[in-house]
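Take a look at the structure below.
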Amino acid sequence: MGKESERKHENKKQEQLNEFVRDNYGKIMTTEESVKVSNDEDTLKAGIRGPQLLEDFMMREKMTHFDRERIPERVVHARGYAAHGYFQVYESQEKLTTAKFLQDPSVKTPVFLRFSQVAGSRGVNETNRDVRGFATKFYTEEGNFDLVGNNIPVFFIQDGIKFPDLIHAVKPEPHNEIPQGQTAHDTFWDFIANNQESAHMMMWIMSDRTIPRSFRMMEGFGVHTFRFVNKEGTSRFVKFHWKPKLGVHSLIWDEAQKLGGADADYHRRDLWENIEAGNYPEWELGIQVLEEEDEFNFDFDILDSTKIWPEEDVPVQIIGKMTLNKNVDNVFAETEQLALHPGNIVRGIDFTNDPLLQGRLFSYTDTQFYRVGTNFKELPINRPICPVHNNQRDGAARITIDKGQVAYHNNSLTNNTPYTVPGSEGGYVTYPSAVEGIKIRATARSFMDHFSQARLFWNSMTKVEREHIIDAFSFELGKVNSISVRQQVVNMLGRISSKLAASVARNVGAEIPDVEASTVTKKSPAVSMANTIFRPDTLRVGVIIGQGFNESVTRAILNQWKAVGLQPVMIAKDLGTVTGENGEKWKVDNSFLTGSPLLYDGLYVVGGDHMGNDFIWKTKSYVVESYNHYKPIGASEESSTIIESLGIDGQPGVLIEQTSELFADEFIKAMTKQRFWARG
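Now the structure itself:
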């Protein structure tokens with residue numbers, strides 16, 4: 086059975102969606118009412134050159150539908166891309182939760198995962214520095230569960246009521262609508278300076294976490310504290326983590342900026358192509374679990390969304406794996422009409438008093454009603470795979486045709502159906518957590534420490550990571566026109582680290598602040614990307630070949646690379662084919678013009694017997710760009726003069742072929758390492 090056939094038979098959600106799929110290939114054209122169309126290019130006119138007639142129902146149907154083809158884009162997370170897959174738990178979690186999808190390791194629960202950017206519109210470059218959304222819809226046998234998170238484990242604010250202010254500040258400034266999809270401007274940093282609960286989040290954003298190498302190489306986090314409730318009614322606090330099997334990797338800033346021009350669709354193209362090639366992305370689901378009695382045993386509030394639970398204090402338990410194995414059939418119908426909501430939970434999962442989560446529970450549903458419509462839950466992508474029965478009726482674009490005269494509860498005419506289900510028989514029961522206190526608008530005292538975990542993050546970074554953070558703050562604040570705002574932010578950084586503040590101050594022309602920095606000395610190695618998984622799987626090697634190249638040696642090396650998952654991309658002066666020294670013709674994937682060293686994780690210069698000056702010059706430009714981005718570079722013995730002429734031979738990660746087998750193995754090791762920060 087082939088992969089396509091396997092996918093069709095393993096995913097109940099896909100089987101459901103197939104009922105709504107329409108294939109127009111080879112079919113005759115009709116109107117929406119199924120009237121066959123004889124001419125779709127000319128309007129109905131009064132005479133060959135006369136005015137258009139209002140009775141042209143075909144034109145009116147086509148045009149009015151076109152006028153309404155775009156729904157309002159999301160206010161945030163507008164730029165997104167998604168794929169289908171499935172989740173399997175490794176072993177039953179019945180001791181922790183009654184959630185059915187976390188019980189049976191043999192069950193594949195369908196999922197739909199949407200990645201996104203927070204700040205920009207739908208047309209923004211995908212490699213901008215930005216938080217990435219990581220939102221998973223589980224189509225479980227008990228209903229939909231939406232884990233709507235980010236690739237950062239914390240957030241800017243502690244209370245949902247401030248979310249509109251945050252987004253107003255981060256969006257393009259209203260007087261000139263500049264800049265698009267970027268935080269490097271006055272209003273954003275003014276918000277940060279005056280809402281210093283964001284200090285921890287800003288350390289994550291100014292790290293390389295917000296310029297990911299790929300959707301497939303991002304962590305995901307549920308951000309909030311939730312509850313697991315088991316069959317005995319025992320509640321425990323829980324946080325959700327997604328750990329990519331390929332590790333957590335990033336671009337570097339110069340590379341990310343240039344990629345925005347080389348390929349504005351870089352991330353979605355990477356996801357699409359790898360799924361189509363069968364390189365299915367995988368993430369393991371991890372949970373951090375706290376007993377109720379341990380709620381107040383930490384120097385931070387576990388309900389504060391601007392704080393992490395350090396993994397060294399509360400270990401992440403890996404409980405299952407998600408695999409994405411099918412691209413969407415239609416981006417609008419699936420990805421854009423997808424309606425996510427953190428309030429979509431199933432029995433065995435419940436909320437906490439996290440004030441940011443509480444605000445989201447209202448906001449997300451309200452947004453979907455406005456953006457997608459009253460009956461958004463009936464759209465194919467949003468439908469549960471289990472039956473739905475209730476007394477909700479009517480509304481715009483209603484799809485369901487409900488029979489009968491009764492649409493209320495309680496009733497006798499239909500024997501009080503649809504009927505409710507007791508908790509003992511599977512009905513959802515809210516966990517009876519105690520609530521007490523006076524009505525008040527205030528922030529809990531336990532939420533007031535904004536700098537200890539920001540300092541923890543700084544302490545956990547390597548030298549290179551710290552340099553990148555300093556550069557990021559310096560670039561962003563360098564784009565801020567207000568000297569006062571610059572100084573306020575630098576003063577805030579002084580509360581985190583005097584070294585960080587002094588470095589940024591010098592770079593942006595601010596005064597070095599005379600404030601007391603946090604004295605936290607603790608580290609959390611888990612937050613450093615230097616401690617992630619390093620694998621060669623799916624990394625792309627740009628292979629530069631010229632006429633008369635050595636086919637046998639090159640083939641042997643490439644086969645050795647393919648065996649470990651590296652993906653060679655053939656680059657030549659022109660598209661078409663290149664002829665080797667023995668007359669073999671090899672297909673060219675990219676020319677120097679259509680390709681870019683930015684698109685490859687490493688470079689291998691094979692060259693050939695007939696390399697002209699233009700070929701050598703363009704090869705050198707590719708090598709220099711790759712070298713400056715700290716990527717692995719290899720060269721055949723015949724092409725070693727190109728490397729030597731640039732003066733980079735002998736530098737870390739620069740390899741010259743001696744024997745093909747040894748070279749291939751050493752290059753695999755270099756590609757696995759990915760970056761060589763020690764270059765001179």
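If you want this note's numbering, it's the position in the sequence shown, counting the first as 1, plus 85. Ideal Cβ placement from N, Cα and C applies to all residues, glycine included. For clarity, every value in this text was computed on a predicted model and none was experimentally measured.
By the 16-neighbour rule on beta-carbons within 10 angstroms, residue 555 is buried.
Taking a C-beta distance under 8 Å as the contact criterion, residue 281 and residue 535 qualify as a contact pair.
In this chain, the alpha helix (DSSP H) harbouring residue 248 covers 248–255. Going by DSSP, residue 327 is part of the beta strand (DSSP E) stretching over 320–329. Around the beta carbon of residue 702, fewer than 16 other beta carbons sit within 10 angstroms, so the residue counts as exposed.
It is roughly 11 Å from the alpha-carbon of residue 671 to the alpha-carbon of residue 654. At least 8 Å separates the beta-carbon of residue 186 from that of residue 389. Rounded to whole angstroms, the Cβ separation of residue 412 and residue 357 is 6 Å, and the two are in contact under 8 Å. The Cβ atoms of residue 223 and residue 391 lie no closer than 8 Å to each other.
For residue 180, there is no enclosing alpha helix (DSSP H), since its DSSP letter is neither H nor E. With fewer than three CB-CB distances shorter than 8 Å, the region 514–533 does not count as touching the region 484–501. If you check the CB distance, residue 658 and residue 677 come in under 8 Å. Contact annotation, residue 562 with residue 274: C-beta distance approximately 7 Å; criterion of less than 8 Å satisfied. Beta-bridge partners assigned by DSSP to residue 198: 168, 221.
Fewer than three Cβ pairs drawn from the region 334–354 and the region 469–483 lie within less than 8 Å of each other, which leaves the two stretches out of contact.
When rounded, the separation of the alpha-carbon atoms in residue 218 and residue 304 is 10 Å.
Exclusion of the five residues before and after residue 128 leaves 137, 141, 144 as the residues of its chain whose Cβ lies within less than 6 Å of its Cβ. In the three-state DSSP reduction, residue 650 falls in the coil class, being neither helix nor strand. Between residue 445 and residue 469, the gap from beta carbon to beta carbon reaches 8 Å or more.
With fewer than 16 other beta carbons inside 10 angstroms of its own, residue 530 counts as exposed.
Linking residue 618 to residue 118 through their CA atoms gives a straight-line distance of about 55 Å.
Residue 614 is not a Cβ neighbour of residue 355, given a cutoff of 8 Å. Residue 375: member of the beta strand (DSSP E) spanning 367–376, first to last residue. Within 10 angstroms of the beta-carbon of residue 212 lie 16 or more other beta-carbons, which makes it buried. DSSP assignment within the region 581–663 yields the following whole beta strand (DSSP E) runs of 3 residues or more, N-terminal first: 625–630, 652–657. For residue 335, the pairing in a beta bridge is given by DSSP as 297. Apart from the 5 residues on each side of it in sequence, residue 602 sits with its Cβ closer than 7 Å to the Cβ of 579, 580, 581, 582, 583 in its chain, given in chain order.
By the Cβ rule, the region 243–250 does not count as touching the region 376–383, because fewer than three pairs are nearer than 8 Å.
C-alpha of residue 99 to C-alpha of residue 366: approximately 18 Å in a straight line. According to DSSP, residue pairing for residue 173 in a beta bridge involves 406. Per DSSP, residue 700 is one residue of the alpha helix (DSSP H) stretching across 698–713.
In this chain, the alpha helix (DSSP H) harbouring residue 447 covers 440–456.
Looking at the DSSP output, residue 434 bridges to 313.
A buried status is given to residue 322, since no fewer than 16 other beta-carbon atoms sit within 10 Å of its beta-carbon.
Following the DSSP letters along the chain, one finds residue 687 in no alpha helix (DSSP H) but inside the beta strand (DSSP E) bounded by residues 687–692.
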